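Note that the protein sequences, when read in sequence, are chains D and L. For the first sequence, our numbering gives the first residue as 372, with consecutive numbering after it. For the second sequence, our numbering gives the first residue as 2, with consecutive numbering after it. Idealized CB from N, CA, C, for every residue including glycine. The structure displayed is predicted, hence computed values, not measured ones.
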Amino acid sequence: MGHEGEAKVGYLGDPAKLFPLALGTGVLGLLTLGVYRFWGKARIRRHVWSKVRLDGDGFEFTGTGLEMFLGFLLSVVVLAIYLAVVQLVLFAVGIRFVLDPQNRLEEFAQGISILLSFVAVLPLMVFAAYRSRRYKLARTRFRGIRLAMENAAGAYTLRAMGYLLLVVLSLGLLWPLMTFRLEAFMTERTWYGTSRFRQGGSWRGLYPAYGHVVAGIVLCLAGAALGIAGGGGFPVFLVIAGLVWAAIGFVVYRVRAFAYLMSHKMLDGGVGFRAMPATGTVIWLYIKGAFIAGLLGGLASAMIFAPLGTMLAGIESASQLVQVEVAVLGAASYLLLLTVFGALGLVFISQPILGHFIGSVTVTGAGALEAVRQRGADGGADAEGFADALDIGGAF
Amino acid sequence: MLPAAEAAVWFDGQSARRQAVEAEVAPDGRALRFGREIWPLERLRRIEGEGLVLALMDEGGDELPHDPARLVLAEGALAGWVRANAPALSRRDVRRGTGRKIAVRVVLAVAALAAILFGFLPRISDVLAEQLPPEQEVAFGKAVVAQIEGLLGGEEPLACDGARGLAALEKMERRLTEGQGLAYDIELSVLDHDMLNAFAAPGGQIVIVRGLLDEAESAEEVAGVLAHEIGHVEARDPVRLAFRAAGSAGILALVFGDVTGGTVIGVLGDHILSASYTREAEAAADAFAFDLLARTGIGTGGLAAFFDRIEAMGGDVPEILSTHPASGSRAEAARGAGGAAGRPVLDEAEWLSLKRICD
């Protein structure tokens, strides 16, 4: 490999290795009432990270379950205060309309109060998403050298809320502006050792990818306009067709936006990237994975619930204690089944799609990586406690 | 027999340069040697990856107690020898003082959560509950009762509507409320379910579950329980409880890692069924009931008898007994409150039709 050499990025995931790990950690999570989930997550990440290869060398995840658990403890206290107050105030306001709205105005107010309860946690979720990415990067190493993202979650949250407002006001048309600026914000603060990442390209460059979503939005608007002008079934059809178009278009957008943004990233010293994920493959992997997971999950549910079914046969005449026992067993079986489905989804849906995205990336000028020097460790205080408490951060 | 030297890859932890080294076992068999490095076997730790990835344990370290350098051995004789001879390859080292740190954090978090759940939330919910206008409290109460009906029976409506039973219930309601200057319009109903229970929902809705009618031996016992529930209603206990539940539901979901949310009323139904008012609220409702029973000439004897019998039954405790393990003393308190029985609440025929209200 020369100085100008190209290096493929690959993902060597193996369902037979990941599934026992995902199921085992999931079951331990159940048995410990959720406490083990932090350790489970760390183990799964160590496994998945090590399967990502660049030029023959693996990545390493150095985060620990303990660290995530301690971060969670910290953020749960902050969140508890915030959520308790927000939820109570909204409940106190909402109770006046939510139960039975008396007129159009109150129905409107009901909608607003439900929307508000979502909007109230939105800044926190954005904040958490940034912290989570920062933590993951800070605990990722390649060739012994740390990655890092600067501590700027507050500034990121402010910007994200501003762009989100623009997106809403523009009826979704400015979404690519938000995507680009936020990704650029994070990329420009990301480091590999002593080298900094840069985001090239421009937000306008994302519009070719956004075309299908725009078409869907225009169709919806046309339907709405026709609907206001006069009734009939056609406007409804237009709106539904527009929504479906926009939804599929959004998947296309996500894939192509990844390709565009990745292909315009650079690392100081002359390292570049090229990504060519295929939308069709992503959708196919999703459908295939969902089918396999559904099939195996169906089998598992038969195996889990069949013994319970025989127990239920004589339940009417059983004593109260036995009835309680069977109810507890039923609840446990249900949770177990959810865990099995979670593991199957991870192995057959998330992992192949992740593998496809990673495998579509080529690094150019990989020789320049040799010049990168180590950076100091980042003791990011709360790990990704907020992200965990709010249940975001995706599959891995 | 020590394995021969093998080509390996070394990342020195200072630069991203990949360095080819020749790794071998030191002659004494107690360390790995490559380049200028000597890594003692007992400090070797395995990192997840392809081949055998090694790190050196180092109490200082970085975010892990490891030196940032890594040595990668291909699967082969040397890797096999290291696996067999390094004593703590898969140990997860934790720094000294970690246990203390965990304990401190857990205690602090639990204390803070407890302060929020039992100190801060009740106060702020009480303030908010005071602000709720009565009409809305009534509408809210109806939704809660409907929810509880769903919890108990599923799809079919459970409200009992035997005409003569309803008339008897009406008579009991008038006897308990007329001329008492209550702030709420009390509305009684009976739900058809085996559970032995009665509860007050926000806004003056009081629900008797049929199991209680089955168990009661006189109309005075039922009236006694109702008087206690009216006490809760007048003190606005149900609406306060509802607000507390709304606030705490989110927090509990948070702690257990499930943020489905949105089903506040579902949680409320459950809370009210197994309502746990504070000891003070129960005592106040008792005092109210004793007073009301004395004033209306029903007498506290029925309530005392009810306390006695339910207590003897054990098992599932209805709300009225839930926070009082020592209900024997409550029976005595009821008897001691006096309030001699005057004219009976219902005559024999009315009592029977109340018991059959669900047939």
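Expected contact under 8 Å - CB spacing of Glu554 of chain D and Arg569 of chain D to nearest Å: Rounded, the Cβ-Cβ distance is 12 Å, inconsistent with contact.
Status (buried if at least 16 other CB within 10 Å, exposed otherwise) for Pro41 of chain L: The residue is exposed, with fewer than 16 neighbouring Cβ atoms inside 10 Å.
Close Cβ partners of Phe719 of chain D (< 6 Å) along its chain, the five nearest in sequence each way excluded: Apart from sequence neighbours up to five positions away, the residues of its chain that approach Phe719 of chain D with a beta-carbon distance below 6 Å are Gly660, Ile663 and Ala664, ordered along the chain.
Nearest candidate by alpha-carbon position, reference Ala526 of chain D, set D:Arg552, D:Gly640, D:Ile654 and D:Asp385: Closest by alpha carbon: D:Arg552.
Interface partners of His418 of chain D on chain L, CB under 9 Å: At a C-beta separation below 9 Å, His418 of chain D has these neighbours in chain L: Glu49.
Where Asp94 of chain L sits in the DSSP three-state scheme: Looking at Asp94 of chain L - three-state DSSP - the assignment turns out to be coil, as it is neither helix nor strand.
Neighbourhood of Met549 of chain D by C-beta distance below 8 Å, restricted to the same chain and skipping five residues each side: Closer than 8 Å at Cβ, skipping near neighbours: Ala531, Tyr534, Leu535, Leu537 and Val538.
Three-state class that DSSP yields for Glu377 of chain L in the structure shown: Shown here, chain L extends from 2 to 360; a query on residue 377 of chain L therefore has no answer.
Rounded separation between Val398 of chain D and Gly716 of chain D - CA only: Each residue's Cα considered, the two are about 15 Å apart.
Collapsed DSSP secondary structure at Gly429 of chain D in the structure displayed: Here Gly429 of chain D carries a strand assignment [DSSP, helix/strand/coil].
Continuous alpha helix (DSSP H) stretch holding Ile729 of chain D: start and end: Taken as a continuous stretch (DSSP letters only), the alpha helix (DSSP H) holding Ile729 of chain D covers Gln722 to Gly730.
Chain L contact for Gly384 of chain D (CB, 8 Å cutoff): Answer no: the Cβ-Cβ gap between Gly384 of chain D and chain L never drops below 8 Å.
Where Val457 of chain D sits in the DSSP three-state scheme: Residue state, collapsed to three classes: helix.
Start-end ranges of the beta strand (DSSP E) lying completely within the stretch 55 to 91 of chain L, minimum 3 residues: Inside the stretch 55 to 91 of chain L, DSSP marks whole beta strand (DSSP E) runs of 3 or more residues at positions 71 to 74, from first to last along the chain.
Nearest candidate by alpha-carbon position, reference Gly400 of chain D, set D:Gly411, D:Pro391, D:Gly434 and D:Phe390: For Gly400 of chain D, the nearest C-alpha among the options comes from D:Gly411.
Cβ contact (3+ pairs, closer than 8 Å) linking the stretch 29 to 45 of chain L and the stretch 414 to 422 of chain D: With a cut-off of 8 Å on Cβ pairs, the stretch 29 to 45 of chain L is not in contact with the stretch 414 to 422 of chain D, counting fewer than three such pairs.
Cutoff 7 Å; reference Leu609 of chain D; Cβ partners in own chain excluding five residues on either side: Counting only Cβ-Cβ distances below 7 Å, and skipping sequence neighbours, we find Leu590, Ala593, Gly594 and Leu597.
Beta carbon proximity, Gly14 of chain L to chain D, threshold 8 Å: Chain D, which has a Cβ nearer than 8 Å to the Cβ of Gly14 of chain L, makes this yes.
Anticipated Cβ contact below 8 Å, Arg512 of chain D with Thr433 of chain D, distance rounded: Right, the Cβ-Cβ distance comes to about 6 Å (below 8 Å), so this counts as a contact.
Simplified DSSP assignment, three categories, for Arg567 of chain D: Residue state, collapsed to three classes: strand.
Whether Ser126 of chain L touches Arg241 of chain L by CB criterion (8 Å): Contact flag set, yes.
Below-8 Å beta-carbon distance, Ala9 of chain L vs any chain D residue: So, not an interface residue.
Reduced DSSP secondary structure (H/G/I, E/B, other) of Pro41 of chain L: In this structure, Pro41 of chain L counts as strand in the three-state DSSP scheme.
Identity of the residue in D:Val584, D:Arg514, D:Val653 and D:Leu540 nearest Pro723 of chain D by Cα: Minimum Cα distance to Pro723 of chain D is reached at D:Val653.
Three-state secondary structure assigned by DSSP to Gly373 of chain D: Confidence is the limiting factor: at Gly373 of chain D the pLDDT is only 44, short of 50, which leaves the residue's position unreliable, though a coordinate-based value still follows. The three-state secondary structure of Gly373 of chain D, taken from DSSP, is coil.
Range covered by the alpha helix (DSSP H) that runs through Ile768 of chain D: What is shown of chain D runs 372 to 767, which leaves residue 768 of chain D out entirely.
Close-in-space but distant-in-sequence residues of the same chain around Arg97 of chain L (CB under 7 Å, 5 per side omitted): None.
Within chain L, partners of Asp639 of chain D - CB distance below 8 Å: Those do not exist, as Asp639 of chain D stays about 12 Å from chain L at its closest Cβ, beyond 8 Å.
Segment limits, beta strand (DSSP E) that includes Thr511 of chain D: Thr511 to Phe513 is the extent of the beta strand (DSSP E) around Thr511 of chain D.
Residues near Ala359 of chain L in its chain [Cβ-Cβ closer than 6 Å; skip 5 each side]: Before going on, a small fix: residue 359 of chain L reads as Cys here, not Ala. When the five nearest sequence neighbours on each side are left out, the beta carbons in the same chain lying within less than 6 Å of the beta carbon of Cys359 of chain L are those of Cys161, Asp193 and Arg211, in order along the chain.
Assigned secondary structure, Ala8 of chain L (DSSP; H/G/I helix, E/B strand, else coil): In the structure shown, Ala8 of chain L sits in a strand (DSSP, three-state: E or B).
Where Thr279 of chain L falls, given that 16 or more other Cβ within 10 Å makes a residue buried: Around the beta carbon of Thr279 of chain L, a 10 Å sphere encloses fewer than 16 other beta carbons of the protein chains shown; the residue is thus reported as exposed.
DSSP-derived helix/strand/coil call for Thr528 of chain D: Helix, per DSSP.
Below-8 Å beta-carbon distance, Arg504 of chain D vs any chain L residue: Chain L, which has no Cβ nearer than 8 Å to the Cβ of Arg504 of chain D, makes this no.
Cβ contact (3+ pairs, closer than 8 Å) linking the stretch 69 to 84 of chain L and the stretch 110 to 122 of chain L: When Cβ pairs closer than 8 Å are counted between the two stretches, the stretch 69 to 84 of chain L is seen not to touch the stretch 110 to 122 of chain L, the count staying below three.
Stretch-stretch touch, CB-based, cutoff 8 Å, three pairs: the stretch 194 to 208 of chain L with the stretch 223 to 233 of chain L: Yes, the stretch 194 to 208 of chain L touches the stretch 223 to 233 of chain L.
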